[in-house]
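In this text, residue positions in the sequence shown follow this note's numbering: the first is 96, and each later residue adds one. Have a look at the structure below, then the notes.
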Amino acid sequence: MVRDKIAYLTCYESKTHWRSVYNDLAYFEGAKSRGSELGYDVEPIWSMEPNMRAERMSKILRARAIRGVILEPAAVSHSRMKLIPSEFAIVAIGDSFEVANINRVSHNHYSGMRLALENLLHGDYQSIAYVNTREQDDRVFNEWNSAFRYMMSSKGKARLIEPFVPDEWNDEHFVAWYRDKQPDAILCNVSAPHRALRSAGIDFAANTTFYSLDANATAKDLPNVNGVDQCAEEVGVAAIELLIWMLNAHNYGPQAKPRYLRVEGSWNA
C-alpha cells in the first residue's frame with residue numbers, strides 16, 4: 096500500500112543534529128507515530144543544505160508528491176522559512192519562524208510557568224526567582240516572563256522576586272544578583288545559572304533548589320532537576336492532526352484565520 100508522505104522539515108546547520116535535541120526528536124516521534132495510525136509516512140527532510148532556497152526546497156517536495164509540511168523550531172529565533180508557502184499545507188511548531196498566516200502548535204509556555212509557580216507556592220519556598228537568557232525568553236514570546244510577573248502581582252507578591260533576564264548574559268552579574276537576592280528556588284531552562292555559580296565556587300545546593308521549565312530537554316545539562324514536562328510528543332501529535340485536517344480540506348497556502356493550538360504540560364516534582 097502506497098502511503099502519502101508528510102515532510103518534517105529540519106532546520107539545523109547539521110543534517111542530523113536535530114536528533115540530539117530532545118524536543119525536536121520527540122516532536123518527530125509523536126508526529127510519525129500518530130501519522131502512521133492515520134495512514135501517512137512522516138519523513139525528515141533537511142532544509143539547510145548549502146545554497147538551499149525556497150524555490151529549490153519546494154521543487155524537492157513537489158517531486159516527492161509531498162503537500163504537507165511540519166516545520167520543526169528553528170535553531171535561531173526570527174528565522175525565515177525556506178519554502179513557498181502558497182504551495183503547501185504547513186504547520187509550524189513554535190514561534191521561531193517569522194512567517195505570517197500559518198497554523199502553529201506549541202507547548203503552552205505561559206501556563207507552564209503558572210503551573211510551576213502554583214506548585215512552588217504550595218511549598219515552603221520564600222524567595223522564588225525566574226532566571227533565563229533573553230534569547231530563550233524571546234523564543235517563547237516572553238510568555239514565561241509575562242506569566243511570572245502576573246503571578247508576582249496577583250498571588251506571590253511576598254515570595255516572588257524580580258526576574259533575572261538580562262539582555263546579555265554575564266556570569267559575574269548573575270552571581271552578584273544571586274548573592275544579593277539569595278533565592279531559595281530558581282526556575283530556568285538553561286544551564287548558565289548552574290555553571291556560573293559553580294565557577295564562582297558557590298555551594299548553592301543546600302540553599303537553592305533549581306526547577307526546569309522544560310525538564311526533559313534540560314536533563315542532559317541539568318541532571319536531577321525536575322519541573323515542567325512540556326509533553327513534546329503530544330505537541331507532535333497535535334501538529335500532525337492539524338496538518339492532516341488541512342490536507343483533507345485541501346487547505347493550502349496562507350491562512351485567513353490562522354489557528355494556534357497549545358498543549359498543556361505537566362508537573363514533575
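Cβ coordinates follow ideal geometry from the N, Cα and C atoms, glycine included.
Under 8 angstroms between C-beta atoms of residue 410 and residue 357:
What the structure shows of the chain is the stretch from 96 to 364, and residue 410 is not part of that stretch, so it cannot be assessed.
For residue 167, name the three-state secondary structure that DSSP assigns.
The sequence position of residue 167 within the sequence shown is 72, counting from 1. Correct three-state label for residue 167: coil.
Given a cut-off of 8 angstroms, decide if residue 163 and residue 342 are closer than it, judged by their beta-carbon atoms.
Within the sequence shown, numbered from 1, the residue matching residue 342 stands at position 247. Within the sequence shown, numbered from 1, the residue matching residue 163 stands at position 68. Yes, Cβ-Cβ distance for residue 342 and residue 163 is below 8 angstroms.
Separation of residue 313 from residue 189, as counted between CA atoms:
Counted from its first residue, the sequence shown places residue 189 at position 94. Counted from its first residue, the sequence shown places residue 313 at position 218. Their Cα atoms are separated by approximately 18 angstroms.
Determine the closest residue to residue 315 out of 298, 285, 171, 99, with distance taken between C-alpha atoms.
Within the sequence shown, the letter at position 220 stands for residue 315. Comparing Cα-Cα distances from residue 315 to each of 298, 285, 171, 99, the minimum goes to 285.
Residue 261 in three-state terms, based on DSSP:
Numbered from 1 along the sequence shown, position 166 holds the residue referred to as residue 261. Residue 261: coil per DSSP, three-state reduction.
Nearest-angstrom Cα distance between residue 327 and residue 309?
On the sequence shown, position 232 is the one that residue 327 refers to. On the sequence shown, position 214 is the one that residue 309 refers to. Whole-angstrom Cα-Cα distance: 10 angstroms.
Who are the near neighbours of residue 246 in its chain, counting only those whose CB is closer than 7 angstroms to its CB and skipping five residues on each side?
Here the question's residue 246 lines up with position 151 in the sequence shown. Same-chain partners within the cutoff: 209, 212, 255.
Hey, could you find the ends of the alpha helix (DSSP H) residue 204 is sitting in?
Indexing the sequence shown from 1 puts residue 204 at position 109. Residue 204 -> alpha helix (DSSP H) spans 204-216.
Compare the beta carbon distance of residue 141 and residue 177 with 8 angstroms and say whether it is the shorter of the two.
In the sequence shown, the residue the question calls residue 141 occupies position 46. In the sequence shown, the residue the question calls residue 177 occupies position 82. No, these two residues do not count as a Cβ contact at 8 angstroms.
Can you tell me whether DSSP reads residue 347 as helix, strand or coil?
Here residue 347 refers to the residue found at position 252 of the sequence shown. If DSSP states are grouped into helix, strand and coil, residue 347 belongs with coil.
Assess contact between the stretch 330-349 and the stretch 123-141, defined as three or more Cβ pairs (one per stretch) separated by less than 8 angstroms. Is contact present?
yes
Look at the Cβ atom of residue 264, then the Cβ atom of residue 287, and state whether they are nearer than 8 angstroms.
Reading the sequence shown from its first residue, position 169 is the one you call residue 264. Reading the sequence shown from its first residue, position 192 is the one you call residue 287. A contact, by the Cβ cut-off of 8 angstroms.
Can you tell me whether residue 281 is helix, strand or coil according to DSSP?
As a first step, residue 281 is located in the sequence shown; it is residue number 186 there, counting from the start. Residue 281: strand per DSSP, three-state reduction.
Please name the residue, chosen from 258, 137, 352, 120, that lies closest to residue 159 on a Cα-to-Cα basis.
By 1-based counting over the sequence shown, the position of residue 159 is 64. Among 258, 137, 352, 120, the Cα nearest to that of residue 159 is on 137.
Mind checking who residue 100 pairs with in its DSSP beta bridge?
Locating residue 100 in the sequence shown gives position 5, counting from the first residue. Answer is 136, bridged to residue 100.
Exposed or buried, what is residue 153 when buried is set at 16 or more other beta-carbons lying within 10 Å of its beta-carbon?
Position 58 of the sequence shown, counting from 1, holds the residue named residue 153. So residue 153 ends up on the buried side.
Suppose the cutoff is 6 angstroms on Cβ atoms and the five residues either side in sequence are ignored; what does the same chain contact list for residue 104 look like?
The residue labelled residue 104 in the question sits at position 9 within the sequence shown. Once the five neighbours on either side are set aside, the close Cβ partners of residue 104 are 140, 142, 164, 166.
Round the Cβ separation of residue 282 and residue 220 to the nearest angstrom and send it over; I've been treating them as touching at under 8 angstroms.
Here the question's residue 282 lines up with position 187 in the sequence shown. Here the question's residue 220 lines up with position 125 in the sequence shown. Incorrect: roughly 11 angstroms between the Cβ atoms, too far for contact.
What ranges does the beta strand (DSSP E) occupy inside the stretch 311-356, keeping only unbroken runs of at least 3 residues that lie completely in it?
322-324
Exposure label - residue 274; buried when at least 16 CB within 10 Å
Counted from its first residue, the sequence shown places residue 274 at position 179. Result: exposed.
Under the three-state reduction of DSSP, which class applies to residue 235: helix, strand or coil?
Walking along the sequence shown from the start, residue 235 turns up at place 140. Residue 235 falls in the coil class under three-state DSSP.
Specify, as a first and last residue, the run of the beta strand (DSSP E) that residue 361 falls within.
The count along the sequence shown starts at 1 and reaches residue 361 at position 266. Residue 361 -> beta strand (DSSP E) spans 361-363.
Hey, out of 184, 205, 207, whose CA is closest to residue 199's CA?
The residue labelled residue 199 in the question sits at position 104 within the sequence shown. Minimum Cα distance to residue 199 is reached at 184.
If you measure between the beta carbons of residue 101 and residue 338, is that distance less than 8 angstroms?
Within the sequence shown, numbered from 1, the residue matching residue 101 stands at position 6. Within the sequence shown, numbered from 1, the residue matching residue 338 stands at position 243. It is a contact, given that the beta carbons lie within the stated cut-off.
For residue 359, tell me which candidate among 325, 249, 346 has the shortest Cα-Cα distance.
As a working mapping, residue 359 is identified with position 264 in the sequence shown. When each option's Cα is compared against that of residue 359, the closest is 325.
Limits of the beta strand (DSSP E) - the one that residue 185 falls within
On the sequence shown, residue 185 is found 90 positions in, with the first residue counted as 1. Segment 184-188, the beta strand (DSSP E) holding residue 185.
Which of helix, strand or coil does DSSP assign to residue 270?
Sequence index remark: in the sequence shown, residue 270 carries index 175 (1-based). Note: residue 270 maps to helix in three-state DSSP.
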